[in-house]
Amino acid sequence: MSVVKIITESSRPGKRRRILNGILPYVRSNRCSELLILVPSNRMVEEIREALLQQESVPGFLGLRLMTFLDLARDIFQNGSFPGRIGSTPARQWRLHSILSTLPPLKPFGEIRETRGMLSLTTDFIRTLKEAGIPPEEFEASPPVRDNPHLRALGEIYRKYEKYRTAQGILDREDLLRLAAEGIRKAPSRSFTSLREIIVTGFYDFTPLQAGFLSALSTLSDLKELSIFLDAPLSSPVTVRSLKRLQHFLPGAEIRSSQRKEETPAKALHHLQQCLSTPAVKPEPVPGDESIELLEVPGRYREVEEMARRIRELHKKHGLSFHDMAVVFRNLSDYREKVREIFRSFGIPHQLTSGLPLRNNPLIRTVTALLECPRSGYRRDAVFRLLASSYLRFEPLERSTITPERIDTLAREAMIQGGRDEWKMRLKSRLDLLTTREQYLQESYGTDRDEKGHKERIDRCRSKIKDYRKCMDVLESFFDLFADLPSEATIPEFIEQLEHLRNTFHLKEQIYERDDLDLVHRDQTAFREWQELLEQLSREQMGLQRVSLADFVRLLSLTLAEKNYSPDPPQEDAVLVTDALGIRGLSRPAVLIGGLVEGIFPRNHSPSPLFSESDRQRLNKHFGPNRWIPLRSQQREEEDLFFRFAVGAAEHFLILSRPRTDGEGHPLLPSSYLDILGALFSQRIKVTCRYLNDPLPSEDPLTNEKPLYRPGELLEYTFRALSRPVTEEPDFPSLLKLLLRERWETCRSLCHGLTVQQARKEVNGSYLGHLGPDAARGIRQGEGNYSVTALERYAACPFQYFCERELKLRPVEEVEEEVGALDLGSLYHRILERFFREMEGPVTKSALAAARKRLDRIEKEELARVEKGGIPGHRKIWEIRQTEIRDVLDRFLLDEIEAFESTGEIPSHFEVTFGMKDVSRRDPLSSPDPLILPSESGEIRMEGKIDRIDLKDGEPPHFSILDYKTGGSKPPGPSGIEKGETLQLPVYAAWALGAFADGRELGHASFVLLRKGSRKCLINPAGQGRQEWKEISERYVRNYVEEIRHGRFPPGEKNCPPYCRYGEICRKGEKGRP
């Protein structure tokens, strides 16, 4: 019978030495087969092997079994005669999806049963029960489950999953541990006959399956000693719980605590480690020293940058190799992209223990886009991303001279959203329109005085026709490649189709077209992982069940997000970057712990929506001490243990870091672990704070090897330093020396930029539109009413307002080839005004036929009226436009029915004017009186025309403002009010609030998007619960009128559109010219 020892110990420096002392006697006496060492991770396996290679008098350790629980169970399974085959971890979710898709609707879960969240939660639920060793039959038969419909539904999923897995002959990783333990008890392998000692180290707790596995190992006949080292102090609640559980599986085990006290030259660090190991004892404070440092930086990106500088300094000043340092985060997924980018820019070799998600690799994104494109219905953006990818080679596109960017531009011009039929129809329609336009230009050639300009228009039209034809040819070949892709198939069939598409686009060959060998290695590694994943999914084909293309793409994306790969080649001297769990059992001379923010480290553990805490507690009480389910309430204790792992890994230097703000600039609370430092040290430890306006240190931080500061930061610090007061200037000679030595060309650009900035400050006269109040009064010659449209134009560009409204300039107009936007808008307004006046009520489903007939008659009359004044543009184009008008009005009727059913509002007033004395007052609500707003420089009189007002009686009665939009551009949103860019609806609503004698309230103010057949609400006081829109808009109106009265008409601050009618005389380009 073997002797079982359970030893609790601290993870302070010296632990690895103790592990080596236990291994070396076997290695040096060539008795490796007599020893088995079980560790929690493959990383720890590598660390111990590296340490053995560095020892003297070690001839080799062939036959040494140093492995994880799973590796040992797999080894036992492969050498035994067990039924079934080992399944891959990624395929579990695919199997579970097959189960969920065949189940009838589960009442406790409703419509979420096929969502990504449900899939992840049920996967975690099944894994938890299997790790606890609870089969589905016992789970469903337990009283807590029988009395709970929620758990009964989960039990049904678990039972069907196990039945499905068993029928396929597939084993999960939890099944391996169970079968391996049974195999050891029944007939242990001959490889165990020579086994004398087992060392289990690096663990702080065990699952029931792991504990049962250890119990089986303890029964080996030739085994003399089983030593279990718990990496936690005896006083820890986690340790107490683990010991109690192990005693049920290993009765009679000897339990003791390791009392080794390893001295370290870093006294403050040793004091912190000692206090974390014995939290119940209150120690006397000691002085802080350089062994512990705290970094406070603005944001995670700057946090990683500061860590990179500390690593370079430790490397240069203290002579530490990169392998001597480790960077620890609680959750590595929040930092790994930033770490990889910044460490590479600083020239720091590093090794990520978890790698990067396979889904984030650009090559794999391109492969998945091959299916995402048809799944999305060939959306324009999906087609463009695929054609523009440098990983694909598409022969029809190469033979054509058209580029993917040009195809995207033409698709936007044709207003294509997606759909194979829409692509073909809209491109053909656009091509027909251009052909008709070319014919019209040819027929009218010679009648235009500007023959050169006319000829250029013809050439541009012909060039665009050629581009559209090339685009149609390329896309026809592109769509043909996906013709055989089914909308539903088995998983192996989809994988076969995906591989066929990959070969068609020559994706693998494009990997080697890159000049950067690091990128080639990255993509090669990702492609190998991808191929391995597809082979696993094909091998475990989940029967012949068919899935939809959308489900296949969704599951594939979810699997790729959870599967990691190592993008960088392995390096011997590299900084270890890991999470808090990955550092357990390891040690480094210097450790940097980042992300010390409350809610991140320690992490907030929210209860599972699928498997509640109370359900877990009842099940634990029922199944007894040998089978337990982890409780979320106990995970804070594990968080404390993870922090102790990270701190205990440091031998000489510990650097703690916290970001003060998140990515959006919101403040973050410091971690509660940082409060420990104040109580343990009599003198404050070294704190380095970095702020956004910090200057560059005065000493020269560059050497002939690698810079501590990246070149881009030198400019950033220079700008900030130059903006500081003279008394706070840094050492400018050193600063300029750095810049001139490293970035001479950039300095020239910097000087030019400073000159431009100075020029912008100095030039502020009439040359750029600043006339002054006297000149403005002379030009205006009296002030009338202000229209809302005019003030919106001023908000967009004061100079354009000045030319158009004050100077009354009219640019030379070109001959229109079709009806203009303003004329088309007026046509829609006339048609809809007549229609509603004749209807005298809302559009309902019962009255749809009559309404459609009436609208068709009014439309024909108004179109005939337009034609009497001459056909606007070419006849063919006019015919196309008439068809579009009919389609728009038909969609409008359907939208009106839907709006009336949802709101009950009745169209009542149309083309209502206020402040316009010369406009006919056909609507009784119209008024010649303007809307008057008081201001410091005199009252402001506003005028306007409201397209439509709907009324609804009730408690209280209310009205709603509607404004028709006939263009295809995106309508403004609520942010337009906050920015002062949208004044129309707020001003109309403000006038209408005082126009109704019965004191009606505002219901909403919305845009009616005629082309889309929908509405967009801009103001909804009931939903917002406030009247801020009115105050904000009135404030902007006052500001704009104040600027106009003072004669301020500078060019707009935003980028000017290419179609601006006053671009030839605008001096915005000269504003930034020195």
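According to my numbering, the sequence shown is numbered sequentially starting from 4.
Here a beta-carbon is modelled for each residue, glycine too, at the ideal position from N, C-alpha and C.
Take the Cβ of Thr204 as the centre, count every other Cβ of all protein chains shown within 10 Å, and call the residue buried at 16 or more, exposed below. Within the sequence shown, the letter at position 201 stands for residue 204. So Thr204 counts as buried.
Touch test, the region 634-654 against the region 285-293, Cβ-Cβ under 8 Å, three pairs minimum: no
I'd like the span of the alpha helix (DSSP H) that includes Met919, first residue to last. Working through the sequence shown from its first residue, we reach residue 919 at position 916. Segment: none, Met919 is in no alpha helix (DSSP H) and carries neither H nor E.
Cα separation between Tyr831 and Tyr967? By one-based count along the sequence shown, residue 831 stands at place 828. By one-based count along the sequence shown, residue 967 stands at place 964. Each residue's alpha carbon lies about 9 Å from the other.
Per DSSP, cross-strand counterpart(s) of Lys566: In the sequence shown, counting from the first residue as 1, residue 566 sits at position 563. Note: Lys566 sits in no beta bridge, so no partner.
If you reduce the DSSP assignment to three classes, tell me which class Ala256 lands in. Locating residue 256 in the sequence shown gives position 253, counting from the first residue. The answer is coil: DSSP assigns Ala256 none of H, G, I, E or B.
Would you list the residues sitting across from Ile51 in a DSSP beta bridge? As a working note, residue 51 is residue 48 in the sequence shown. In DSSP, Ile51 forms no bridge with anything.
Span separating the alpha-carbon of Lys431 from that of Leu892: By one-based count along the sequence shown, residue 431 stands at place 428. By one-based count along the sequence shown, residue 892 stands at place 889. In a straight line, the C-alpha of Lys431 is about 24 Å away from that of Leu892.
In this structure, does DSSP put His524 in helix, strand or coil? Numbered from its first residue, the sequence shown carries residue 524 at position 521. DSSP places His524 in helix when its eight states are reduced to three.
C-alpha gap between Ile258 and Leu217, whole angstroms: Residue mapping note: residue 258 aligns to position 255 of the sequence shown, counting from 1. Residue mapping note: residue 217 aligns to position 214 of the sequence shown, counting from 1. In a straight line, the C-alpha of Ile258 is about 15 Å away from that of Leu217.
For Ile514, tell me which candidate among Ser44, Ser392 and Ile351 has the shortest Cα-Cα distance. Locating residue 514 in the sequence shown gives position 511, counting from the first residue. Among Ser44, Ser392 and Ile351, the Cα nearest to that of Ile514 belongs to Ser392.
Using alpha carbons as the reference points, say which of Glu538, Pro147, Glu516 and Phe962 lies closest to Glu616. On the sequence shown, residue 616 is found 613 positions in, with the first residue counted as 1. Checking every option, the nearest Cα to that of Glu616 belongs to Pro147.
For Leu355 versus Arg339, is the C-beta spacing smaller than 7 Å? For the purposes of this step, residue 355 is identified with residue 352 of the sequence shown, where counting begins at 1. For the purposes of this step, residue 339 is identified with residue 336 of the sequence shown, where counting begins at 1. Cβ distance < 7 Å, so Leu355 and Arg339 count as in contact.
Buried or exposed: where does Ala682 fall if 16 or more other Cβ atoms within 10 Å of its Cβ makes it buried? On the sequence shown, position 679 is the one that residue 682 refers to. By the 10 Å Cβ count, Ala682 comes out exposed.
Inter-residue spacing [alpha-carbon to alpha-carbon] between Phe530 and Ile367: On the sequence shown, residue 530 is found 527 positions in, with the first residue counted as 1. On the sequence shown, residue 367 is found 364 positions in, with the first residue counted as 1. Looking at the two C-alpha atoms, the distance is approximately 7 Å.
Can you tell me which residues form a DSSP beta bridge with Arg68? Position 65 of the sequence shown, counting from 1, holds the residue named residue 68. DSSP output for Arg68 lists Leu39 as bridge partner(s).
Short CB-CB distance (under 7 Å) between Ser675 and chain B: Among the chains in the structure shown there is no chain B, since it carries only a single protein chain.
Can you tell me which of the three DSSP states Cys1063 falls into? What you label residue 1063 is simply residue 1060 of the sequence shown in a count that begins at 1. Cys1063: coil per DSSP, three-state reduction.
Classify Val284: buried if its beta carbon has 16 or more other beta carbons within 10 angstroms, exposed otherwise. By one-based count along the sequence shown, residue 284 stands at place 281. Looking at its Cβ environment, which holds fewer than 16 other Cβ atoms inside 10 Å, Val284 is exposed.
Could you check if Asn567 is buried or exposed, using at least 16 other CB atoms within 10 Å of its CB as the buried criterion? Counted from its first residue, the sequence shown places residue 567 at position 564. Buried is the call here.
Three-state class that DSSP yields for Phe332 in the structure shown: Taking the first residue of the sequence shown as position 1, residue 332 is located at position 329. In the structure shown, Phe332 sits in a strand (DSSP, three-state: E or B).
What residue from Cys278, His669, Ile834 and Leu361 has the CA that sits closest to Gln1079's CA? Outside the modelled stretch of the chain, which goes from 4 to 1077, sits residue 1079, for which no answer is possible.
What are the start and end residues of the beta strand (DSSP E) that includes Gln1078? The displayed coordinates of the chain run from 4 to 1077. Any statement about residue 1078 would go beyond what the structure contains.
Those residues which DSSP pairs with Phe962 across a bridge: On the sequence shown, position 959 is the one that residue 962 refers to. Paired residues: Leu954 and Leu1005.
As assigned by DSSP and simplified to three states, the class of Gly186: Residue 186 sits at position 183 when you count from the first residue of the sequence shown. DSSP places Gly186 in helix when its eight states are reduced to three.
Cα separation between Ile888 and Glu512? The count along the sequence shown starts at 1 and reaches residue 888 at position 885. The count along the sequence shown starts at 1 and reaches residue 512 at position 509. Each residue's alpha carbon lies about 51 Å from the other.
Minimum length 3: unbroken beta strand (DSSP E) runs contained in the region 186-241: 200-206 and 228-233
Considering Arg591, what are the terminal residues of the alpha helix (DSSP H) in which it resides? For this step, residue 591 is matched to residue 588 along the sequence shown. No alpha helix (DSSP H) holds Arg591; the beta strand (DSSP E) holding it covers Arg591 to Ile596.
Assign Gln81 to one of two classes, buried (16 or more other C-beta atoms within 10 Å of its C-beta) or exposed (fewer than that). On the sequence shown, position 78 is the one that residue 81 refers to. Under this definition Gln81 is an exposed residue.
Can you say whether Pro286 is buried or exposed, counting buried as having 16 or more other CB atoms within 10 angstroms of its CB? If you number the sequence shown from 1, residue 286 lands on position 283. By the 10 Å Cβ count, Pro286 comes out exposed.
Out of curiosity, what's the CA-to-CA distance linking Glu882 and Leu858? Taking the sequence shown and counting its residues from 1, the one referred to as residue 882 is at position 879. Taking the sequence shown and counting its residues from 1, the one referred to as residue 858 is at position 855. Approximately 18 Å between the Cα atoms of the pair.
Since His625 is in the alpha helix (DSSP H), which residue starts that stretch and which ends it? Mapped onto the sequence shown, residue 625 falls at position 622. Start and end: Glu616 to Phe626.
Of the residues Phe913, Pro570, Ala998 and Glu565, the one placed nearest Val523, counting alpha carbons only: Locating residue 523 in the sequence shown gives position 520, counting from the first residue. If we check each option's Cα against that of Val523, Pro570 comes out closest.
If the criterion is Cβ atoms closer than 7 Å, does the pair Leu851 and Ile909 meet it? The residue you call residue 851 lines up with position 848 of the sequence shown. The residue you call residue 909 lines up with position 906 of the sequence shown. Against a cut-off of 7 Å, the Cβ pair of Ile909 and Leu851 comes out as no contact.
Beta-carbon contacts of Thr664 that lie in its chain and below 7 Å, excluding the five residues immediately before and after: As a position in the sequence shown, residue 664 is number 661, starting the count at 1. The residues are Pro301, Gly302, Pro670 and Leu671.
Straight-line CA distance for Thr371 to Gly186? Here residue 371 refers to the residue found at position 368 when the sequence shown is read from its first residue. Here residue 186 refers to the residue found at position 183 when the sequence shown is read from its first residue. Each residue's Cα considered, the two are about 42 Å apart.
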